[in-house]
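Everything on this sheet refers to the single structure shown next.
2 protein chains.
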Amino acid sequence: MLNRVRSAVAHLVSSGGAPPPRPKSPDLPNAPSPQTAAPPEAPRSPPATAGSGSAAPAKTVEARASFSRPTFLQLSPGGLRRADDHAGRAVQSPPDTGRRLPWSTGYAEVINAGKSRHNEDQACCEVVYVEGRRSVSGAPREPSQGQGLCFYYWGLFDGHAGGGAAEMAARLLHRHIREQLKDLVEILQDPSPPPLCLPSTPGAPGSSDSSHLVGPQSCWSSQKEVTHESLVVGAIENAFQFMDEQMARERRGHQVEGGCCALVVVYLLGKVYVANAGDSRAIIVRNGEIIPMSREFTPETERQRLQLLGFLKPELLGGEFTHLEFPRRIQPKELGQRMLYRDQNMTGWAYKKIELEDLRFPLVCGEGKKARVMATIGVTRGLGDHNLKVCSSTLPIKPFLSCFPEVRVYDLTQYEHCPDDVLVLGTDGLWDVTSDCEVAATVDRVLSAYEPNDPSRYKALAQALVLGARGTPRDRGWRLPNNKLGSGDDISVFVIPLGGPGSYS
Amino acid sequence: MLNRVRSAVAHLVSSGGAPPPRPKSPDLPNAPSPQTAAPPEAPRSPPATAGSGSAAPAKTVEARASFSRPTFLQLSPGGLRRADDHAGRAVQSPPDTGRRLPWSTGYAEVINAGKSRHNEDQACCEVVYVEGRRSVSGAPREPSQGQGLCFYYWGLFDGHAGGGAAEMAARLLHRHIREQLKDLVEILQDPSPPPLCLPSTPGAPGSSDSSHLVGPQSCWSSQKEVTHESLVVGAIENAFQFMDEQMARERRGHQVEGGCCALVVVYLLGKVYVANAGDSRAIIVRNGEIIPMSREFTPETERQRLQLLGFLKPELLGGEFTHLEFPRRIQPKELGQRMLYRDQNMTGWAYKKIELEDLRFPLVCGEGKKARVMATIGVTRGLGDHNLKVCSSTLPIKPFLSCFPEVRVYDLTQYEHCPDDVLVLGTDGLWDVTSDCEVAATVDRVLSAYEPNDPSRYKALAQALVLGARGTPRDRGWRLPNNKLGSGDDISVFVIPLGGPGSYS
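So the sequence lines, in the order shown, correspond to chains P and D. Note that this note's numbering has the first sequence beginning at 75, numbered continuously upward. Note that this note's numbering has the second sequence beginning at 75, numbered continuously upward.
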């Protein structure tokens with residue numbers, strides 16, 4: 075995430091390029107705790123995923139706490155050094171030997187050109203088995219009773235101000251999702267509508283929903299229809315929140331000082347759920363058509379939410395910032411003149427007479443990649459950042475950042491997908507220099523050069539996308555073929571074929 | 075606005091169908107005041123609109139304060155009685171004699187089937203001339219210097235809990251827009267980018283924008299590009315706010331006790347601005363294609379904004395409401411069980427253990443036309459409602475209602491419009507029983523029955539749309555041809571041909 079956290083960049087600059095102190099990788103409890111909601115290591119589903127199980131046991135991750143790359147890259151110590159080389163910027167992918175990623179997913183990544191010591195992107199690809207916590211009826215579960223659920227999971231985590239938050243999210247977020255889904259195992263497998271109310275404890279009688287209906291004439295006596303899909307969306311939303319809360323709790327002990335954007339995909343029961351908090355992006359390329367599966371959350375796209383919060387809770391601005399937006403900084407000598415402004419309710423601009431408090435620094439300022447909240451951070455959703463303060467101040471930024479993702483759902487069963495239909499996930503290192511259309515063109519060019527049943531085609535595509543965004547070193551920088559600057563940021567890409575489980579694994 | 079304000083409906087029911095006391099029509103000052111920003115009567119632009127000037131002088135509106143319909147209907151006392159007849163529900167349109175509405179706009183309306191004593195919809199169609207307040211340079215204006223601006227204006231106002239707010243908005247909102255545009259007259263006619271800063275007083279030196287640039291490297295030293303279009307959007311947004319503030323100030327003296335949805339169209343310098351606050355709707359039908367030009371603001375579509383406000387300002391809930399949403403009312407005996415819920419951050423649902431405060435009434439409840447904020451009101455944007463309280467309580471609703479419209483812009487110059495391309499505005503009485511596609515089909519059917527240059531075709535279309543939504547009286551109610559219930563609400567429709575000024579006037 076290049077130029078994304080001003081304080082971090084300032085640190086690099088002021089120390090002459092020396093890296094900032096790197097937070098120690100957190101050593102998280104592996105046992106679940108009702109208090110911390112830290113979920114245990116996910117048991118994998120052996121029958122369904124024998125050929126695609128990708129992740130090494132979690133303790134392997136913890137063993138190389140000083141610098142980690144995704145375990146599915148299976149990097150040797152020498153490979154790890156090469157992956158960490160800012161000069162060479164070698165593109166990394168899982169080896170052809172060994173297990174393939176689920177669905178023959180393609181993956182590639184490259185380190186930044188020097189903006190931070192290590193690659194602060196992280197990635198995770200897992201098949202997660204969810205065992206139900208209890209039966210819906212409240213009766214204790216018999217081992218033979220019902221089946222658990224399996225979900226496929228891909229996650230990209232773009233860290234800033236250190237790699238700690240991204241590493242922690244890559245290791246734990248899918249377990250939080252599993253934890254949230256545990257109560258839903260039976261409900262999701264039952265075609266009847268989800269119960270609105272569940273008994274408090276196993277064995278207690280559940281309440282019948284329809285018995286509480288009074289009549290349809292008044293607004294509060296009706297009952298809403300809740301879909302299975304919306305339960306999964308709610309589970310993912312809450313998992314993000316629990317992950318963020320865990321980071322808040324454990325940030326002191328484990329020095330999880332940074333934050334990260336999170337883009338995750340969950341495939342469950344025929345549907346693909348894409349959850350995004352930050353400025354990574356997901357698109358589906360289907361028969362050449364582009365289907366956006368996420369939107370970016372930045373100070374510009376979330377201006378009105380941020381301004382509303384500053385307006386309703388002025389104490390969060392500490393007397394240093396104004397919630398109003400101005401098209402440029404106001405000079406003290408302009409007091410009394412009339413300046414264009416926008417408040418939390420406006421999308422257009424109007425003139426207002428400049429008053430003393432308008433001279434405060436604007437809560438939201440800048441444009442494009444230079445847009446910032448409180449002059450500090452350029453993304454407005456993600457995990458972590460609990461220690462983030464306004465530069466030279468004790469004012470916390472976190473209340474303005476939201477950990478909640480936007481979740482979009484794509485029903486895989488509604489279309490007959492061909493082997494060239496893919497879901498592409500990328501961190502902003504890809505999208506800063508590559509348009510959706512350019513990605514779709516690369517999808518077409520690369521996949522058509524491979525046999526449809528060649529499982530290595532998706533890895534080749536991921537590599538081509540990363541290479542295309544990185545460019546080659548010449549003319550004082552990494553350059554694209556058109557001589558424009560390539561991305562100097564960390565770049566990570568997943569290419570997920572949409573044939574679904576069974577078709578390619 | 076049928077079933078829209080529960081308290082009003084409850085009043086009707088409890089008094090055996092007798093109408094609630096009707097607020098006296100406000101008698102507003104016609105002179106502008108810097109404090110109240112009540113703009114004066116708009117001078118009309120004689121040369122451009124001689125053939126289309128539609129509105130009678132404002133004093134005519136005020137003369138029939140006890141029950142008013144739009145002046146352009148030119149209703150005689152007998153016609154006014156017929157328009158007020160709930161049994162006959164005669165469709166009203168401007169007469170064929172006399173001046174046509176600008177652009178040969180079609181208009182039709184019908185009163186409700188008995189839910190309120192009078193038709194609480196109001197409409198306005200004006201050509202408004204804006205004289206600049208001062209020159210951009212700050213120098214006093216010479217009479218010969220520059221030209222004023224002319225805008226075309228259409229407004230639909232759907233009142234609730236009385237017709238006072240809708241009447242006041244129909245009479246004054248376009249003047250507030252004119253007032254906001256006064257400062258922009260020269261700026262909008264100057265093709266160079268708008269100045270970011272203006273001198274405080276005429277004659278004072280303006281500040282040069284580029285001289286304050288520090289450098290491009292930091293976020294706050296850049297300057298945003300502000301378009302002419304966004305200035306018009308800002309002017310409309312602020313005009314809505316000034317209108318609402320005027321209603322708040324004058325509500326006691328003039329008993330403007332109700333509120334209204336507002337849907338207005340401004341045509342200015344080649345662009346159509348559609349501003350909507352409430353649940354009216356505007357669509358363009360162009361070559362058979364439907365282009366939505368507004369969205370509805372209801373407790374359902376604005377759930378998360380409302381919940382966030384209740385969460386951040388719990389004092390607004392008065393200890394009586396919870397900001398959480400539940401799919402149905404919780405019973406006290408369910409305490410401790412687990413119920414589905416959504417908070418301000420969630421689009422999905424999850425289970426939570428029911429606690430004591432979850433038994434409070436939900437801030438947002440119900441679905442569709444029965445959705446309510448604080449069990450009281452079914453729209454979340456509009457003008458007025460400053461006296462609206464939660465039923466049997468002193469808790470005000472207004473903080474949850476927003477007067478700010480969403481403004482969409484349509485550039486008329488980007489397409490070559492044919493005489494069958496129209497912008498259709500309708501209050502919810504139309505859209506409750508008519509889909510966008512049905513409207514488009516009616517557009518095609520009616521317009522094809524008329525010569526393209528017959529200016530009466532748009533009035534015929536508006537009448538057909540109103541008749542199609544009203545139906546005919548049979549089987550205990552107004553029925554559509556398919557025997558479904560027609561709309562018992564007030565129904566008002568504008569049909570605006572998109573040929574623009576000069577083409578049809």
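From the three backbone atoms N, C-alpha and C, an ideal C-beta is built for every residue, glycine too.
Using a Cβ cut-off of 8 angstroms, pull out every chain P residue sitting near residue i, in sequence order please.
i, result
"N419/D", "E311, Q315, S476, F478"
"S296/D", "R402, G440, E441, K444"
"A424/D", "Q254, L305, G308, A309, E311, N312"
Taking Cβ-Cβ distances shorter than 7 angstroms, what residues in chain D pair up with residue i?
i, result
"Q381/P", "Ordered by position in chain D, no residue passes the 7 angstroms Cβ test against Q381/P, which lies about 13 angstroms from the chain."
According to the neighbour-count rule (16 or more other Cβ atoms, all chains shown, within 10 Å of its Cβ), is residue i buried or exposed?
i, result
"R548/P", "exposed"
"K253/D", "Lys is not the amino acid found at residue 253/D; the sequence shown has Glu there. Its Cβ being crowded by 16 or more others within 10 Å, E253/D is buried."
"L521/P", "buried"
"R369/P", "exposed"
"D563/D", "buried"
"S150/P", "exposed"
"T372/D", "buried"
"A161/D", "exposed"
"T396/P", "buried"
"T508/D", "buried"
"E376/P", "buried"
"S466/P", "exposed"
"A356/P", "buried"
"R550/P", "exposed"
"K189/D", "buried"
"L462/P", "buried"
"P493/D", "buried"
"A523/D", "exposed"
"Q320/P", "buried"
"Y484/P", "buried"
Against residue i, what residues of chain D qualify as contacts under a CB-to-CB distance less than 9 angstroms, listed in chain order?
i, result
"R412/P", "D257, C271, L272, P273, S274"
What does residue i touch in chain D if you count any residue whose Cβ is under 8 angstroms from its own?
i, result
"V300/P", "P401, L414, W423"
Using the beta-carbon of each residue, which ones in chain P are nearer than 9 angstroms to residue i?
i, result
"K427/D", "S274"
Using 8 angstroms for Cβ pairs, my map puts residue i next to residue j. What's the rounded Cβ distance?
i, j, result
"V348/P", "G238/P", "The Cβ separation is near 25 angstroms, so there is no contact."
"V338/D", "L497/D", "12 angstroms between Cβ atoms; not a contact."
"V567/D", "L499/D", "7 angstroms"
"V359/D", "A514/D", "5 angstroms"
"V259/D", "V201/D", "About 16 angstroms; that fails the 8 angstroms criterion."
"V453/D", "G352/D", "5 angstroms"
"G333/P", "A449/P", "Not confirmed; about 16 angstroms, so no contact."
"Y489/D", "L272/P", "Not confirmed; about 55 angstroms, so no contact."
### Given 8 angstroms, three or more beta-carbon pairs between the segment 222 to 235 of chain D and the segment 188 to 208 of chain D
Result yes; three or more Cβ-Cβ pairs closer than 8 angstroms.
Could you please tell me which residues of the segment 371 to 397 of chain D, in chain order, have their CB closer than 8 angstroms to any CB of chain P?
Within the segment 371 to 397 of chain D, the qualifying residues are L382, L383, L386, K387.
According to a CB-to-CB cut-off of less than 7 angstroms, which residues of the segment 330 to 341 of chain P neighbour chain D? Of all residues in the segment 330 to 341 of chain P, none is placed with a Cβ closer than 7 angstroms to any Cβ belonging to chain D.
- prompt: Counting Cβ pairs closer than 8 angstroms, one from the segment 295 to 310 of chain P and one from the segment 340 to 359 of chain P, do we hit at least three?
  reply: Here the segment 295 to 310 of chain P lies against the segment 340 to 359 of chain P, with 3 or more beta-carbon pairs under 8 angstroms apart.
Using a beta-carbon distance cut-off of less than 9 angstroms, what residues from the segment 479 to 492 of chain P approach chain D?
Result list: E480, V481.
- Query: Given 8 angstroms as the limit, is there contact between the segment 412 to 422 of chain D and the segment 440 to 449 of chain D, that is, 3 or more CB pairs closer than that?
  - Reply: These segments do not touch.
> With a cut-off of 8 angstroms, do at least 3 Cβ pairs link the segment 528 to 543 of chain P to the segment 162 to 180 of chain P?
Replying inline: With the rule of 3 Cβ pairs closer than 8 angstroms, the segment 528 to 543 of chain P counts as touching the segment 162 to 180 of chain P.
Exercise for review: Please determine if the segment 239 to 251 of chain D and the segment 454 to 462 of chain D are in contact, where contact requires at least 3 C-beta pairs separated by less than 8 angstroms.
Suggested key: Touching, yes, given that three or more Cβ pairs across the two stretches are closer than 8 angstroms.
Is the number of C-beta pairs between the segment 163 to 175 of chain D and the segment 142 to 149 of chain D that are closer than 8 angstroms three or more? For the pair of segments examined, the segment 163 to 175 of chain D was found to touch the segment 142 to 149 of chain D: the number of CB pairs separated by less than 8 angstroms reaches three.
Item to check | Meets three-Cβ-pair contact criterion under 8 angstroms: the segment 312 to 326 of chain P and the segment 251 to 267 of chain P | outcome: Three or more pairs of CB atoms, one per stretch, sit closer than 8 angstroms, so the segment 312 to 326 of chain P contacts the segment 251 to 267 of chain P.
Using a Cβ distance threshold of 8 angstroms, determine whether the segment 401 to 409 of chain P contacts the segment 378 to 385 of chain P, with at least three qualifying pairs required.
Inter-segment contact for the segment 401 to 409 of chain P and the segment 378 to 385 of chain P is absent: fewer than three beta-carbon pairs are separated by less than 8 angstroms.
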